[in-house]
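The UniProt record's numbering numbers the first residue of the sequence shown as 1 and each following residue consecutively. In this text, a Cβ means the ideal position worked out from N, Cα and C, and glycines have one as well. See structure below.
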Amino acid sequence: MIVGTAGHIDHGKTALVRALTGVETDRLKEEKARGISIDLGFAYSPRADGAVLGFVDVPGHERFVRHMLAGASGIDLVLLVIAADDGPMPQTREHLAIVDLLGVGRGIVALTKCDLVDDERRMAAEIEAAALLSGTGLEGAEIVPVSAVTGEGVADLSAKLDALRAETPERKAEGRFRLAVDRCFTLAGAGVVVTGAVRDGVVRVGDAVVVSPSGLEARVRAIHAQNRPAEEGRPGERCALNLSGPGVSKDAIVRGDVVAAAELHAPTDRIDVELRLLRDEPRPLAMWTPVKLHHGAAEVPARVVPLEGDALAPGATGLVQLVLERPIAAAALDRFVLRDTSGARTMAGGRMLDLRAPARRRRSPERLAQLRELGREDHAEALRRLLAAPPHAIDAEAVLRDRNVAPDEAKRILDALGVTLLPAGRSGTIAVAPAIWSAFVADIEAKLGAHHAENPDLQGMGAERLRLSVEPRLPGPAFLAALRNLQRAGAIVVEGAWARLPGHEARLAPVDEELWEAIAPKLGGEERFRPPRVRDLATELGEDEADVRRVLKLLGRSGQVDEVAHDHFFLRETVAEIVDVAESVAVAEPAGVVTAARLRDRLDNGRKVAIQILEFLDRHGVTIRRGDERRINSRRRDLFRRTALTERVEA
Numbered sequence: 001m002i003v004g005t006a007g008h009i010d011h012g013k014t015a016l017v018r019a020l021t022g023v024e025t026d027r028l029k030e031e032k033a034r035g036i037s038i039d040l041g042f043a044y045s046p047r048a049d050g051a052v053l054g055f056v057d058v059p060g061h062e063r064f065v066r067h068m069l070a071g072a073s074g075i076d077l078v079l080l081v082i083a084a085d086d087g088p089m090p091q092t093r094e095h096l097a098i099v100d101l102l103g104v105g106r107g108i109v110a111l112t113k114c115d116l117v118d119d120e121r122r123m124a125a126e127i128e129a130a131a132l133l134s135g136t137g138l139e140g141a142e143i144v145p146v147s148a149v150t151g152e153g154v155a156d157l158s159a160k161l162d163a164l165r166a167e168t169p170e171r172k173a174e175g176r177f178r179l180a181v182d183r184c185f186t187l188a189g190a191g192v193v194v195t196g197a198v199r200d201g202v203v204r205v206g207d208a209v210v211v212s213p214s215g216l217e218a219r220v221r222a223i224h225a226q227n228r229p230a231e232e233g234r235p236g237e238r239c240a241l242n243l244s245g246p247g248v249s250k251d252a253i254v255r256g257d258v259v260a261a262a263e264l265h266a267p268t269d270r271i272d273v274e275l276r277l278l279r280d281e282p283r284p285l286a287m288w289t290p291v292k293l294h295h296g297a298a299e300v301p302a303r304v305v306p307l308e309g310d311a312l313a314p315g316a317t318g319l320v321q322l323v324l325e326r327p328i329a330a331a332a333l334d335r336f337v338l339r340d341t342s343g344a345r346t347m348a349g350g351r352m353l354d355l356r357a358p359a360r361r362r363r364s365p366e367r368l369a370q371l372r373e374l375g376r377e378d379h380a381e382a383l384r385r386l387l388a389a390p391p392h393a394i395d396a397e398a399v400l401r402d403r404n405v406a407p408d409e410a411k412r413i414l415d416a417l418g419v420t421l422l423p424a425g426r427s428g429t430i431a432v433a434p435a436i437w438s439a440f441v442a443d444i445e446a447k448l449g450a451h452h453a454e455n456p457d458l459q460g461m462g463a464e465r466l467r468l469s470v471e472p473r474l475p476g477p478a479f480l481a482a483l484r485n486l487q488r489a490g491a492i493v494v495e496g497a498w499a500r501l502p503g504h505e506a507r508l509a510p511v512d513e514e515l516w517e518a519i520a521p522k523l524g525g526e527e528r529f530r531p532p533r534v535r536d537l538a539t540e541l542g543e544d545e546a547d548v549r550r551v552l553k554l555l556g557r558s559g560q561v562d563e564v565a566h567d568h569f570f571l572r573e574t575v576a577e578i579v580d581v582a583e584s585v586a587v588a589e590p591a592g593v594v595t596a597a598r599l600r601d602r603l604d605n606g607r608k609v610a611i612q613i614l615e616f617l618d619r620h621g622v623t624i625r626r627g628d629e630r631r632i633n634s635r636r637r638d639l640f641r642r643t644a645l646t647e648r649v650e651a
């Protein structure tokens with residue numbers, strides 16, 4: 001277990017830790033000279049049962065509260081130190097507010113310097129301390145009178161710490177490993193060493209880790225847990241990790257970094273949070289207020305964007321977005337504290353809800369409803385409710401990863417919820433709840449059925465048009481994956497970029513079908529890149545020009561041919577082949593451009609036709625023209641695909 005001290009400067013925190021452990025935590029020359037703690041100090045006390053009690057001694061001076069915040073991260077129990085002669089002082093109140101904002105609800109009060117006061121003053125100090133704790137997570141905590149000079153109460157305090165330790169549930173080693181770095185130094189013969197409290201998971205000698213947010217890769221050479229050599233480090237322990245690897249150096253790792261499993265490396269600089277503004281703040285927290293974010297041992301400038309109204313009132317709790325000056329490594333549901341930019345006072349604190357906060361529509365009712373569900377501590381229940389709320393389709397695996405849910409537990413949750421998982425490229429893997437998936441399938445079938453009834457001569461409905469017409473509206477790659485699932489189940493048929501119901505088949509009238517059978521060979525074969533125009537086709541076949549044009553227009557609606565220029569029709573397969581050729585021309589050019597001359601040479605169809613083809617591709621966005629130069633638009637590259645959408649997804 002890790003015990004963190006808190007309290008005003010010169011109230012005897014360091015002397016008390018020394019009395020409890022025999023260790024002098026003021027290790028810096030300046031600390032010894034000035035008689036105050038400037039940075040974090042650490043001490044360890046072996047107990048009779050073989051356990052080790054770790055102490056983090058923090059500075060009490062207001063100028064060094066940021067160090068106190070670094071030390072308060074990861075503690076299990078707070079030892080609030082109040083001098084009997086002074087009673088609660090400004091930093092006492094601020095430290096208590098900080099541990100309360102950080103959610104530390106277990107602790108004990110040490111009433112120090114009792115050798116300097118009489119019984120009446122001692123009793124008054126106890127009353128003041130109890131009143132201070134009222135309304136906080138430490139309300140009702142035991143108050144133990146002590147003196148580091150005479151030794152009064154030290155043994156009693158030590159025994160009470162052991163009793164609290166016995167009552168404190170062992171922290172579960174859940175999730176992937178995380179350790180917030182509060183010190184980094186080098187040791188002769190060992191190399192780089194980082195220290196901090198293990199927040200989640202287990203780290204073992206030989207493990208590969210990443211230093212986040214920098215992304216520096218390292219390996220754990222050795223571990224000291226609670227000041228003892230160990231093969232592993234677990235939550236509730238302070239650990240020193242000896243790291244090695246290319247680029248690993250004292251200067252490459254700083255306080256505030258997080259050493260973690262590689263899967264957790266996903267830095268963020270925009271976070272939606274649940275925030276409580278302290279009651280004694282002089283003014284509301286308004287839009288774009290500058291603050292300093294303290295998370296773990298990190299200290300980062302940030303701006304505040306209230307999401308419910310224009311400002312957050314003193315004493316109120318609300319949803320807020322934090323826009324950070326630089327990225328940090330964090331996990332959803334982590335606690336944090338905000339201080340003013342001068343570092344003079346603590347203003348607010350709360351919990352992180354979403355590490356992937358949007359910059360747009362961040363205040364919409366739909367978004368606020370999502371954040372309220374993300375605030376639930378139970379991972380499965382939060383995910384279940386999130387999937388039931390609009391937009392009904394989320395990257396569930398990313399949500400569970402950001403909450404640092406172990407892979408096995410994440411799989412169990414997803415299996416229990418019965419979600420449908422849809423690969424979505426850069427958007428991750430989209431999850432859809434069973435009821436929503438059933439409604440989605442029914443909506444697709446209804447939309448296709450209505451489209452077939454209104455357009456019996458069309459091959460089907462364009463995939464993008466279908467995607468935009470059904471709910472939930474999935475990202476493009478996820479929608480294609482959904483079509484693939486439905487095609488496998490026999491619910492729909494996908495042909496090229498068209499989707500249809502299995503029973504639907506667009507047919508021309510018999511007379512038009514007969515004419516198309518005569519036209520089709522004229523558009524293919526070796527002459528496919530320079531097919532005859534409508535007038536020439538009609539003359540060659542001895543058919544009426546209007547009839548030839550009408551049939552080709554019908555086939556254009558069903559996606560079998562494309563009218564590249566007026567009365568100049570190409571087979572869809574030929575247009576897809578032309579796009580392939582145009583792309584290969586661009587790849588062969590140093591500037592990556594498609595020129596009419598190069599395309600003409602490759603297609604052997606004349607400059608005029610090559611220009612018409614490029615203008616056709618321009619109109620459809622397959623090529624992007626800037627002056628005389630054209631480049632392939634990768635987002636529209638597959639518009640005239642020859643293989644079915646679902647086959648491309650499969651590949």
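Going by DSSP, which residues form a beta bridge with residue i?
i	result
Gly54	Ile2 and Tyr44
Phe336	Gly350
Ile253	For Ile253, which the question treats as bridged, DSSP gives no partner whatsoever.
Ile108	Leu79
Ser244	Arg219
Gly343	Bridge partners of Gly343: none, in fact.
Gly191	Leu187
Pro423	Thr429
Ala498	Sequence check: residue 498 is Trp here, not Ala. Paired residues: Gly462 and Glu495.
Cys239	Gly196 and Ala225
Glu274	Leu319 and Arg351
Gly7	Val81
Could you tell me whether the Cβ atoms of residue i and residue j are closer together than 8 Å?
i	j	result
Lys250	Phe185	yes
Leu353	Val273	yes
Val203	Gly233	yes
Thr268	Pro229	no
Leu179	Cys239	yes
Val78	Ala6	yes
Ile444	Leu466	yes
Val419	His379	no
His8	Met123	no
Gly245	Ala218	yes
Where does residue i sit, in a helix, a strand or coil, going by DSSP?
i	result
Pro229	strand
Lys447	helix
Gln91	helix
Arg376	coil
Val306	Here residue 306 turns out to be Pro, not Val, going by the sequence shown. Pro306: strand per DSSP, three-state reduction.
Ile632	strand
Ser212	strand
Val202	coil
Arg27	Low confidence applies to Arg27: its pLDDT is 44, below 50, so where it sits in the model is not reliable enough to give any reading.
Ile82	strand
Ser558	coil
residue 652	The chain is shown from 1 up to 651; residue 652 falls before or after that span and cannot be answered.
Trp288	coil
Ile492	coil
Arg600	helix
Ala180	strand
residue 708	Nothing can be reported for residue 708: it is not among the residues displayed for the chain, which extend from 1 to 651.
Glu409	helix
Leu132	helix
Glu62	Residue placement at Glu62 cannot be trusted, given a pLDDT of 42 that sits under 50; what the coordinates show is reported in the next sentence. DSSP places Glu62 in helix when its eight states are reduced to three.
How would you call residue i, buried or exposed, if buried means at least 16 neighbouring beta carbons within 10 angstroms?
i	result
Pro521	exposed
Trp498	buried
Trp288	exposed
Arg507	exposed
Val399	buried
Pro472	buried
Asp457	exposed
Gly490	exposed
Met461	buried
Gly524	exposed
The region 594-604 touching the region 535-551, judged by at least three CB pairs closer than 8 Å: Contact between the region 594-604 and the region 535-551 is absent, because fewer than three Cβ pairs lie under 8 Å.
Given 8 Å, three or more beta-carbon pairs between the region 526-544 and the region 614-626: At 8 Å Cβ cutoff, the stretches do not touch.
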